[in-house]
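Worksheet: one structure, shown below.
Here it is in structure tokens:
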């Protein structure tokens with residue numbers, strides 16, 4: 059797992075390295091520039107271009123990001139490339155580091171311009187703004203960025219695409235659309251959230267010498283998972299039996315609506331749960347027994363008018379993990395089922411789909427949840443619209459700062475929140491994960507039900523709530539990515555994601 063940082067955290071890492079550790083800022087800048095120059099050179103070598111074929115323009119602002127860019131142009135020229143600097147803004151207002159780099163560049167006869175024809179260049183390096191940008195881009199800077207985006211040049215951004223907010227991924231009026239972004243030391247949160255990640259495109263994280271002690275000094279609270287982290291999944295022992303891998307109870311599926319609970323149950327099995335039982339309406343029995351004979355069943359008839367409490371309590375006592383919501387509906391019996399779970403469940407509970415909607419529309423259930431919640435028991439899995447219903451906040455407000463919002467809500471409610479979006483946020487209120495796996499083919503019916511089953515399967519194997527949420531979302535995305543290798547995002551359906559799990563759950 060790797061950390062993600064805000065702009066202020068990254069500035070503190072930089073400051074700690076320079077002021078406390080004593081690494082000169084010029085050394086860090088030189089290493090940063092070298093990493094960008096190497097990325098440009100590698101691009102040219104892959105394209106089998108000879109050096110003179112490339113005309114490179116490095117567009118520089120007057121901040122330290124611009125200083126990095128001037129050094130990039132100087133290094134590329136030393137390697138035999140034709141690299142020029144386009145300097146934006148007043149040189150007299152440049153940082154001392156950037157003025158120093160301009161002085162070196164001039165002594166080495168690097169061309170420094172103040173206006174140019176962008177279409178003359180095959181490669182453009184964007185070093186206009188760094189991570190400190192906090193206001194909308196206007197005037198000449200906006201015009202320059204628009205011109206860069208209109209060219210057919212290959213574009214490499216230095217640290218972050220100019221115009222992207224480093225904390226939220228928001229476009230600050232206009233932003234450079236890069237083909238490659240070379241960022242320094244640690245990825246910034248805004249580079250993995252939408253739309254920022256679209257503008258950053260492919261990202262290289264360059265090691266420019268920030269000491270581990272400097273990174274640890276800011277205590278990062280946001281992380282992302284990588285394929286190597288799959289080794290942290292719950293271990294399966296050679297000498298074992300199904301009882302060792304947990305018992306998942308899925309309460310869902312309204313009358314003649316079995317699809318959601320079926321997908322959740324199958325995904326839980328595919329993720330390694332020992333036993334899975336579906337508690338559902340009697341009319342779903344035959345189809346579920348046919349589709350998933352591995353699942354146990356506990357059914358009830360709504361029209362009987364029976365008190366479901368005793369039936370539910372029996373199943374709650376059996377389970378080591380409870381899921382409630384997939385396809386459950388929001389009628390009176392569903393409300394009673396949720397009420398009983400909230401009142402009596404003593405094991406981890408995933409509140410999903412219709413169970414979230416029931417909480418959102420029923421103040422009594424909300425108060426019951428708050429009175430019974432002791433922390434470290436509940437996972438909520440809302441998409442943005444469900445989150446809006448649950449919290450009363452607009453989707454725009456939620457999306458404005460997705461990570462902070464998710465962390466604050468999880469902390470306030472003492473839950474693990476899986477806030478589903480193109481970049482899903484998983485948080486227990488203390489730390490957060492941003493999921494970077496998956497694709498747009500997952501925007502399809504049943505995908506969320508599969509995710510719920512995966513999380514339940516991990517919980518059944520004694521993962522913590524946060525581990526189950528983070529790894530569940532990550533595996534869900536990896537499985538979908540695996541499936542489109544042999545297909546496409548248009549044709550992906552929820553059951554394909556379950557198939558992908560067989561290939562992705564490896565140690």
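Residue numbers (our numbering): 59 to 565.
C-beta: ideal position from N, C-alpha, C; glycine also.
Query raised in the report: Hey, residue 126 and residue 95: beta-carbon distance below 8 Å or not?
Result: no
**Report entry** Every unbroken beta strand (DSSP E) within the region 324 to 362, with a cutoff of 3 residues, ordered by chain
**Finding:** 333 to 339, 354 to 358
Report task. Starting from residue 115, trace the beta strand (DSSP E) both ways and give me its first and last residue. Result -> 113 to 118 is the extent of the beta strand (DSSP E) around residue 115.
Requested in this report: Return the Cβ separation of residue 131 and residue 142 in integer angstroms, given the expectation that the two are a contact with Cβ distance under 8 Å.
Outcome: 7 Å
Report task. Could you tell me whether the Cβ atoms of residue 465 and residue 485 are closer together than 8 Å? Result -> yes
Query raised in the report: Taking one C-beta from the region 403 to 419 and one from the region 513 to 532 each time, how about it: are there three or more such pairs within less than 8 Å?
Result: yes
Query - Between the CA atoms of residue 215 and residue 238 - distance to the nearest angstrom - result: 6 Å
Report task. Under the assumption that residue 514 contacts residue 331 (Cβ atoms under 8 Å), give the Cβ distance between them as a whole number of angstroms. Result -> 7 Å
Query raised in the report: Nearest to residue 492 by CA position, among 415, 302, 284, 503, is which residue?
Result: 284
**Report entry** Minimum C-alpha distance to residue 232 - residue among 187, 280, 394, 531
**Finding:** 187
Query raised in the report: Are the CB atoms of residue 150 and residue 122 nearer to each other than 8 Å?
Result: no
Query raised in the report: Do you know offhand how far residue 63's Cα is from residue 461's?
Result: Computed Cα separation, rounded: 11 Å.
Query raised in the report: Considering residue 470, what are the terminal residues of the alpha helix (DSSP H) in which it resides?
Result: 460 to 471
**Report entry** Of the listed residues 399, 519, 403, 404, nearest to residue 416 (C-alpha basis)
**Finding:** 399
Query - Alpha-carbon spacing of residue 100 relative to residue 265, whole angstroms - result: 17 Å
Query raised in the report: How many Å lie between residue 496 and residue 427 at the Cα?
Result: Each residue's Cα considered, the two are about 32 Å apart.
Query - Proximity winner among 86, 218, 68, relative to residue 159 (alpha-carbon distances) - result: 86
Report task. Quick one: measure Cβ to Cβ for residue 115 and residue 182, integer angstroms, because I've assumed they're closer than 8 Å. Result -> 5 Å
Report task. Can you check DSSP and say which residues form a bridge with residue 305? Result -> Per DSSP, 333.
Query raised in the report: Are residue 333 and residue 380 closer than 8 Å when you measure CB to CB?
Result: no
Requested in this report: Determine the direct distance from the alpha carbon of residue 311 to that of residue 205, and round the result to whole angstroms.
Outcome: 54 Å
**Report entry** Sufficient close CB pairs (3 or more, under 8 Å) joining the region 373 to 387 to the region 502 to 516
**Finding:** yes
Query - Contacts around residue 195, its chain only, beta-carbon distance under 7 Å, and the 5 residues preceding and following it disregarded - result: Residues 203, 221, 230, 231, 232 of the same chain have their beta carbon placed closer than 7 Å to that of residue 195, with the five preceding and five following residues left out of the count.
Query raised in the report: Which runs of the beta strand (DSSP E), 3 residues or longer, sit entirely within the region 418 to 459?
Result: 436 to 438
Requested in this report: Let me know the secondary structure DSSP gives residue 176 once reduced to three states.
Outcome: Here residue 176 carries a helix assignment [DSSP, helix/strand/coil].
Query raised in the report: Can you tell which of 394, 357, 390 has the C-alpha that lies nearest to the C-alpha of residue 367?
Result: 394
Query - For residue 398, the first and last residue of its enclosing alpha helix (DSSP H) - result: 390 to 402
Query raised in the report: What are the partner residues of residue 181, as DSSP defines its beta bridges?
Result: Beta-bridge pairing links residue 181 to 114, 212.
Query raised in the report: By Cβ distance, which residues of its chain are closer than 6 Å to residue 321, with the 5 residues on each side in sequence left out?
Result: 504, 507, 508, 552
**Report entry** Limits of the beta strand (DSSP E) - the one that residue 474 falls within
**Finding:** 474 to 477 is the span of the beta strand (DSSP E), which, as asked, contains residue 474.
Query raised in the report: Sorted by chain position, which residues of the same chain lie with C-beta nearer than 7 Å to residue 104's C-beta, five sequence neighbours on each side aside?
Result: none
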